[in-house]
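To keep things clear, I will list the structure first and then write my remarks on it.
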Amino acid sequence: MLNKLYRHQGNLYKIIRNVPLHNFQTLDQVQEFRDYVNSNHVLKTKTHYMFCEVVEEAEIVG
């Protein structure tokens with residue numbers, strides 16, 4: 001499965017799931033779903049929550 005990447009404020013995120021705002025009534029539900037889909041970051045648009053995984057910058061060792 002191919003995940004989309006999203007750049008926000010200089011950080012890169014792999015989008016795991018997009019869910020409409022109306023599916024959640026409280027932030028506790030958002031946090032529970034975040035944990036359920038193994039996401040480590042949530043971004044909010046006008047219409048959706050984007051459950052994401054932070055893409056770490058590569059570091060050259062040498």
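In terms of this note's numbering, the sequence shown opens at residue 1 and continues consecutively. The beta-carbon is built from N, C-alpha and C at its ideal position, and this holds for glycine as well.
| Asked | Found |
| --- | --- |
| Whether Ile16 touches Val37 by CB criterion (8 Å) | yes |
| Between the CA atoms of Glu56 and Val19 - distance to the nearest angstrom | 24 Å |
| Whole-angstrom C-beta distance between His48 and Leu21, which should lie under 8 Å | 6 Å |
| Between the CA atoms of Thr45 and Phe51 - distance to the nearest angstrom | 11 Å |
| DSSP state of Asn38 mapped onto helix, strand, coil | coil |
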